[in-house]
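Enquirer: Have a look at this one before I ask anything.
In our numbering, the protein residues as written are 1150 to 1550.
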């Protein structure tokens, strides 16, 4: 949720300011760009140099900068327009009151008043201050403006008292913002199940049957779904790909049987299921415990059918919107339509190995989306992240009808 976001972090003068070094690091690690504005008193609690190093941006405190004999100003309007969201943490009672009443006596407050983005604030103060009626009135006023209160936590306070008023921990702040951003997304609250990659069917300890699938298409579908607010389970066969996203539960398997069992475990609670994996249709009937030695003449390898994962899910389908993939080399459209009907799918994504830049390997793909009414939409050759976006747009348009 935070990846690619421009985040304006306002830090005010409370002891909890020391935690903003950890908060800054978490925001950067999540893929955000962070610009920090300090009040003058905040610099007594946390080093601007430390924050500048962590954020990879200069830390701003004053309206003007004097450098090498020249004078320039920090454009609070430009800062406010740059930000996708603003976080004030810690937000002291003094700053919160000024925010509620429009007092503008430092760069942070001027930037706040210029911001056109969502504003989050994390109060931090002592117990009696937090419980004071004036503080409650201030918090209510800010919430009435549409700003998001990140509730203070209970614990040991700087005064030695124990109670409510501690600034939320940096991890809690990041989670709160991410969940809030998810709430407005079209897949919020929906569980999505996606399969990706090949399966490897062992012949002996060193050899296997497999295919050329890299898993890229399935991974891109999972990342797009997470960005759209979904809780994603991504079941993948052996692939070199990896990802780090708290909204994606990555389940690694090797064989078709393992993928089958994992899919059936997650299928009942899923709302949308996309089977993008290239599952092996057959597996060796006998798996040798030791490495097979080369012998004279040909080798006869007896194969048996793997479970049909997509067919099984189609038979068990109740509320799920089930999407399959068809990678074809001939009679593409007819074969895809046949698979759509035979496996009780709601839609199928067709791509052809006859199309340059499509199929396994390349970072691009060219697909057609066919729904159960046989409505067909064909897309131009695009990057796989763009293809994932097109596929999800088609799905969302149908599940939200």
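C-beta atoms are modelled at their ideal positions from N, C-alpha and C, and glycine is treated no differently.
Name, in chain order, the residues that DSSP records as bridge partners for residue 1235.
Expert: Counting from 1 along the chain shown, the entry for residue 1235 is found at position 86. The partner list for residue 1235 (beta bridge, DSSP) reads 1157, 1268.
Enquirer: Have a look at the DSSP bridge pairing and note the partners of residue 1311.
Expert: Residue 1311 sits at position 162 when you count from the first residue of the chain shown. 1305.
Enquirer: Whether or not the stretch 1389-1403 and the stretch 1431-1448 are in contact is what I'm after, with contact meaning three or more pairs of Cβ atoms, one per stretch, closer than 8 Å; do they touch?
Expert: no
Enquirer: Would you call the stretch 1342-1350 and the stretch 1405-1423 touching, i.e. three or more CB-CB distances under 8 Å?
Expert: yes
Enquirer: Here's the rule: buried if 16 or more other CB atoms are within 10 angstroms of the residue's CB, otherwise exposed. What is residue 1470?
Expert: The sequence position of residue 1470 within the chain shown is 321, counting from 1. With 16 or more other Cβ atoms within 10 Å, it is buried.
Enquirer: Does the stretch 1364-1378 come within contact of the stretch 1315-1327, defined as at least 3 CB pairs closer than 8 Å?
Expert: no
Enquirer: Quick one, are the C-beta atoms of residue 1529 and residue 1496 less than 8 Å apart?
Expert: Within the chain shown, residue 1529 is the residue found at index 380, counting from 1. Within the chain shown, residue 1496 is the residue found at index 347, counting from 1. No.
Enquirer: Assuming residue 1185 and residue 1172 are in contact, meaning their beta carbons sit under 8 Å apart, how far apart are those beta carbons, in whole angstroms?
Expert: Translated into the one-based positions of the chain shown, residue 1185 becomes position 36. Translated into the one-based positions of the chain shown, residue 1172 becomes position 23. Not confirmed; about 10 Å, so no contact.
Enquirer: Thinking C-alpha only, which one of 1151, 1524, 1227 is nearest residue 1181?
Expert: The residue labelled residue 1181 in the question sits at position 32 within the chain shown. Of the listed residues, the one whose Cα sits closest to residue 1181 is 1151.
Enquirer: Give me the DSSP bridge partner(s) of residue 1497.
Expert: By 1-based counting over the chain shown, the position of residue 1497 is 348. Paired residue(s): 1473, 1519.
Enquirer: Give me the Cα-Cα distance between residue 1402 and residue 1428, rounded to the nearest whole angstrom.
Expert: The residue you call residue 1402 lines up with position 253 of the chain shown. The residue you call residue 1428 lines up with position 279 of the chain shown. Approximately 11 Å, taken between the alpha carbons.
Enquirer: Mind checking residue 1525: buried by the 16 CB within 10 Å criterion, or exposed?
Expert: Counting from one through the chain shown, the residue named residue 1525 turns up at place 376. That one is exposed.
Enquirer: Measure the C-alpha to C-alpha separation of residue 1481 and residue 1475 and round it to an integer number of angstroms.
Expert: As a first step, residue 1481 is located in the chain shown; it is residue number 332 there, counting from the start. As a first step, residue 1475 is located in the chain shown; it is residue number 326 there, counting from the start. Distance between the alpha carbons of residue 1481 and residue 1475 is about 8 Å.
Enquirer: Please state whether DSSP places residue 1431 in a helix, a strand or coil.
Expert: Reading the chain shown from its first residue, position 282 is the one you call residue 1431. Residue state, collapsed to three classes: strand.
Enquirer: Residue range of the beta strand (DSSP E) that residue 1397 falls in?
Expert: In the chain shown, counting from the first residue as 1, residue 1397 sits at position 248. Residue 1397 -> beta strand (DSSP E) spans 1397-1401.
Enquirer: Rounded to the nearest angstrom, what separates residue 1527 and residue 1343 at their Cα positions?
Expert: By one-based count along the chain shown, residue 1527 stands at place 378. By one-based count along the chain shown, residue 1343 stands at place 194. Straight-line Cα distance between these residues: approximately 22 Å.
Enquirer: Run through the DSSP bridge pairs and tell me what residue 1240 is partnered with.
Expert: For the purposes of this step, residue 1240 is taken as residue 91 along the chain shown, with counting starting at 1. In the DSSP output, where bridge partners are listed per residue, residue 1240 has 1272.
Enquirer: With a cut-off of 8 Å, do at least 3 Cβ pairs link the stretch 1301-1311 to the stretch 1267-1279?
Expert: yes
Enquirer: Near residue 1302, what residues of its chain come up, given a Cβ to Cβ distance below 6 Å and the 5 sequence neighbours on each side ignored?
Expert: Residue 1302 sits at position 153 when you count from the first residue of the chain shown. For residue 1302, where only same-chain residues beyond five positions count, the Cβ hits under 6 Å are 1315, 1317.
Enquirer: If you follow the alpha helix (DSSP H) that residue 1131 is in, where does it begin and where does it stop?
Expert: The chain is shown only over 1150 to 1550; residue 1131 falls outside these bounds and no answer can be derived.
Enquirer: Comparing C-alpha positions only, which one of 1547, 1355, 1515, 1212 sits nearest to residue 1522?
Expert: Residue 1522 sits at position 373 when you count from the first residue of the chain shown. Here the closest residue by C-alpha is 1547.
Enquirer: With a threshold of 16 other CB atoms inside 10 Å of the CB of residue 1239, please say whether the residue is buried or exposed.
Expert: Reading the chain shown from its first residue, position 90 is the one you call residue 1239. By the 10 Å Cβ count, residue 1239 comes out buried.
Enquirer: Would you kindly work out how many angstroms separate the C-alpha atoms of residue 1490 and residue 1458, rounded to a whole number?
Expert: The residue labelled residue 1490 in the question sits at position 341 within the chain shown. The residue labelled residue 1458 in the question sits at position 309 within the chain shown. Distance from the CA atom of residue 1490 to the CA atom of residue 1458, rounded to whole angstroms, is 15 Å.
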